[in-house]
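> Under the numbering used here, residue 360 is the last one in the sequence shown; the count climbs by one each step, no gaps.
Ideal Cβ positions, reconstructed from N, Cα and C, are used throughout, including at glycine.
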Amino acid sequence: MIDAARRSTPLRQSAKPNIMNDQSLPPYAGPSRVFSGVQPSGALHLGNYLGALVKFVALQDQMECLFCVVDLHAITAWQDPALLVAQTREIAAAYVAAGVDPQKAIIFPQSAVREHAELAWILNCVARLGWLDRMTQFKEKTGKHKERASVGLYTYPVLQAADILLYKATHVPVGEDQKQHLELTRDIAAKFNHDFTAPGFFPLTEPLIEGPGARIMSLRDGLAKMSKSDPSDQSRINLTDDADAIAGKIRRAKTDPLPLPETLEELKIRPEADNLVGLFAALAGQSRGQVLQNFGGRGFGEFKPALADLMVACLAPVTQNMRRLIADPGEIDRILVDGADRARAIAAPILAETRKIVGFWPGR
Ligand code: TYM
-3 MIDAARRSTP
7 LRQSAKPNIM
17 NDQSLPPYAG
27 PSRVFSGVQP
37 SGALHLGNYL
47 GALVKFVALQ
57 DQMECLFCVV
67 DLHAITAWQD
77 PALLVAQTRE
87 IAAAYVAAGV
97 DPQKAIIFPQ
107 SAVREHAELA
117 WILNCVARLG
127 WLDRMTQFKE
137 KTGKHKERAS
147 VGLYTYPVLQ
157 AADILLYKAT
167 HVPVGEDQKQ
177 HLELTRDIAA
187 KFNHDFTAPG
197 FFPLTEPLIE
207 GPGARIMSLR
217 DGLAKMSKSD
227 PSDQSRINLT
237 DDADAIAGKI
247 RRAKTDPLPL
257 PETLEELKIR
267 PEADNLVGLF
277 AALAGQSRGQ
287 VLQNFGGRGF
297 GEFKPALADL
307 MVACLAPVTQ
317 NMRRLIADPG
327 EIDRILVDGA
337 DRARAIAAPI
347 LAETRKIVGF
357 WPGR
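1. Ordered along the chain, which non-local residues of its own chain (more than five positions away) have a Cβ less than 6 Å from that of Glu298?
2. In this structure, does DSSP put Phe356 in helix, strand or coil?
3. Just to confirm the assignment, what range does the alpha helix (DSSP H) spanning Val30 have?
4. Using alpha carbons as the reference points, say which of Val333, Val273, Arg360 lies closest to Thr251.
5. Please determine if the region 222 to 241 and the region 278 to 288 are in contact, where contact requires at least 3 C-beta pairs separated by less than 8 Å.
6. With DSSP as the reference, identify every bridge partner of Ile103, one or two as the case may be.
7. Looking at Leu311: is its Cβ nearer than 8 Å to the Cβ of Pro169?
8. Just list the residues that DSSP pairs Glu202 with in beta bridges.
9. Go through its chain and collect everything with a Cβ distance to Ser228's Cβ below 7 Å, but skip five positions before and after it.
10. Return helix, strand or coil for His41, following the three-state DSSP convention.
11. So what's Lys221 in DSSP terms, helix, strand or just coil?
12. Just curious, the alpha helix (DSSP H) that Lys250 is in, first and last residue?
13. Restricting to Cα atoms, I'd like to know which of Gly359, Gly355, Arg360 is closest to Asp191.
14. DSSP on Met213, reduced to helix/strand/coil?
15. Using 8 Å as the cut-off, can you tell me whether the region 153 to 172 makes contact with the region 194 to 214, which would need three or more C-beta pairs spanning the two stretches below that distance?
16. Looking only at its chain, what residues have a beta carbon closer than 6 Å to the beta carbon of Ser231, apart from the 5 residues adjacent to it on each side?
17. Do you know whose CA, among Leu260, Lys142, Thr72, Leu279, lies nearest Ala48's CA?
18. Measuring alpha carbon to alpha carbon, tell me which of Lys135, Met131, Phe197, Arg211 ends up nearest Leu178.
19. Do you know how far the Cα of Ala90 is from the Cα of Arg340?
20. Which residues bound the alpha helix (DSSP H) around Arg85?
21. Quick check: the region 103 to 121 against the region 131 to 142, are at least 3 beta-carbon pairs closer than 8 Å?
22. Return the residue from the list Gly292, Glu86, Gly244 that minimises the CA-CA distance to Met307.
23. So if DSSP puts Asn234 in a beta bridge, which residue, or which two residues, is it bridged to?
24. Does the beta-carbon of Leu161 have 16 or more other beta-carbons within 10 angstroms, so that it is buried, or is it exposed?
25. Taking 7 Å as the cut-off, does the CB of Asp159 come closer than this to any heavy atom belonging to ligand 1?
26. Have a look at Leu115, Ala158, Ser28, Leu68 and flag the residue whose alpha-carbon is nearest the alpha-carbon of Ser364.
27. Who are the Cβ neighbours of Asp97 in its own chain at under 8 Å, not counting the five residues just before and after it?
28. Distance check for Ala269 and Ala158, CA to CA, integer angstroms please.
29. Any idea what DSSP makes of Gly126, helix, strand or coil?
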């Protein structure tokens, strides 16, 4: 399939070929499909819920959806083997508790579909070191100690690209922190299609990031992302928090002394207020502007209890469902087994075609 001239060009060694603008290549023409994943590396928080899970529920009626528990990604940082299975079941339970219907969407553990690891290796040989060197999440996670990080953490975004391209997913709902990884996925797909003269084989996946839940910030610092790894539990709302814990965390959430502003321009320069208004908007299914129409000019003494009530009303059913599901691991395991079978049925022929394109021995 690869012509001799192309094989002898130095293209495959280049930092980044100019292939994204090649209008002469036919675009991907396959079906629309959604893929996303969450790491089983600790309790889920409100950022995961609003940035990802809420979007999963909305998409399951629009397209074929695969929602993965990415345990291969989780072990790029140390995970206690005794806890990993329980954490994997917990994420699956959270998907279902949030409203993902396992009859419609495919819910499965990444490690149960071995094809992820094989495609990741192939794509490791397509992605360039220079591309990975630019990944800001790796820099943020490792700081000054990158020599102590696992090699897996470095190539983490390539595994993420493999997750997506293994199903030729066209749409990926995620929070804003994943934007750079999805740009990399598009670059890898484009370079694969180009290098192997397989135009349109992999789609150039669209990220689905928009909305007020795309970037939920810490309750203690409006400039830092809400995150599992923040040492302060007060910085985040966990999906396992009860009504009292939620009300307490919102009451103590950092704010400034002014009343809520009337305009979006004023809101933009007040990070903590912006975060709380964004939270209200995401939970109520409104825009920030609509929230300001109701609460602009009012003090946090009035706004915070309204936000806490709304949060409890939204999260309590999810938390309750999650507890019920976690108490019955048999039900979750049935969902995961069925999901893994359905996922593999999509992945296997795509990997087989990829292997053929790459030129692997076809005997097995
Ligand atoms: P993870 O497990 O860190 O987060 C899961 C999802 O939650 C979103 N998220 C947030 N959204 C808004 N505000 C926040 N503060 C916040 N924190 C987290 C994340 O953007 C994500 O959507 N690399 C991914 C997992 C992954 C993946 C994939 C995602 C692996 N393969 C393929 C999509 C497609 C991650 O670390 O997610």
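So, from the data block:
1. Your numbering for residue 298 matches position 302 in the sequence shown. Cβ neighbours of Glu298 beyond the five flanking positions: none.
2. Within the sequence shown, residue 356 is the residue found at index 360, counting from 1. Phe356 falls in the coil class under three-state DSSP.
3. Indexing the sequence shown from 1 puts residue 30 at position 34. Where Val30 is concerned, there is no enclosing alpha helix (DSSP H), although the beta strand (DSSP E) it sits in stretches over 29 to 34.
4. Walking along the sequence shown from the start, residue 251 turns up at place 255. The option with the nearest alpha carbon to Thr251 is Val273.
5. no
6. Counting from 1 along the sequence shown, the entry for residue 103 is found at position 107. Answer by DSSP bridge pairing, in chain order: Phe63.
7. For the purposes of this step, residue 311 is taken as residue 315 along the sequence shown, with counting starting at 1. For the purposes of this step, residue 169 is taken as residue 173 along the sequence shown, with counting starting at 1. No; because the gap between Cβ atoms is not below 8 Å, this pair is not in contact.
8. The residue you call residue 202 lines up with position 206 of the sequence shown. Bridge partners of Glu202: His167.
9. Here residue 228 is taken as the residue at index 232 of the sequence shown, counted from 1. Cβ neighbours of Ser228 beyond the five flanking positions: Arg216.
10. Mapped onto the sequence shown, residue 41 falls at position 45. In this structure, His41 counts as strand in the three-state DSSP scheme.
11. The count along the sequence shown starts at 1 and reaches residue 221 at position 225. Correct three-state label for Lys221: strand.
12. Here the question's residue 250 lines up with position 254 in the sequence shown. Unbroken run through Lys250: none, as it is neither H nor E.
13. Translated into positions along the sequence shown, residue 191 becomes position 195. Out of Gly359, Gly355, Arg360, Gly355 has the C-alpha closest to the C-alpha of Asp191.
14. As a working mapping, residue 213 is identified with position 217 in the sequence shown. If DSSP states are grouped into helix, strand and coil, Met213 belongs with the strands.
15. yes
16. Position 235 of the sequence shown, counting from 1, holds the residue named residue 231. Only Ser214, Leu215, Arg216 meet the Cβ criterion.
17. The sequence position of residue 48 within the sequence shown is 52, counting from 1. If we check each option's Cα against that of Ala48, Leu279 comes out closest.
18. In the sequence shown, residue 178 corresponds to position 182, counting from 1. Leu178 has its Cα closest to that of Met131, out of Lys135, Met131, Phe197, Arg211.
19. The residue labelled residue 340 in the question sits at position 344 within the sequence shown. The residue labelled residue 90 in the question sits at position 94 within the sequence shown. Each residue's alpha carbon lies about 22 Å from the other.
20. One-based indexing of the sequence shown puts residue 85 at position 89. 77 to 94 is the span of the alpha helix (DSSP H), which, as asked, contains Arg85.
21. no
22. On the sequence shown, residue 307 is found 311 positions in, with the first residue counted as 1. For the residues Gly292, Glu86, Gly244, the minimum Cα distance to Met307 belongs to Gly244.
23. Here residue 234 corresponds to residue number 238 of the sequence shown, with the count starting at 1. Asn234 is bridged to His41.
24. Here residue 161 refers to the residue found at position 165 when the sequence shown is read from its first residue. Its Cβ being crowded by 16 or more others within 10 Å, Leu161 is buried.
25. If you number the sequence shown from 1, residue 159 lands on position 163. Asp159 Cβ: within cutoff of ligand 1.
26. Here the chain covers residues -3 to 360 and nothing more, so residue 364 does not appear.
27. Along the sequence shown, one-based indexing puts residue 97 at 101. Answer for Asp97: Gln56, listed in chain order.
28. In the sequence shown, the residue the question calls residue 158 occupies position 162. In the sequence shown, the residue the question calls residue 269 occupies position 273. Going by the C-alpha atoms only, they are around 38 Å apart.
29. In the sequence shown, residue 126 corresponds to position 130, counting from 1. Three-state DSSP puts Gly126 in a helix.
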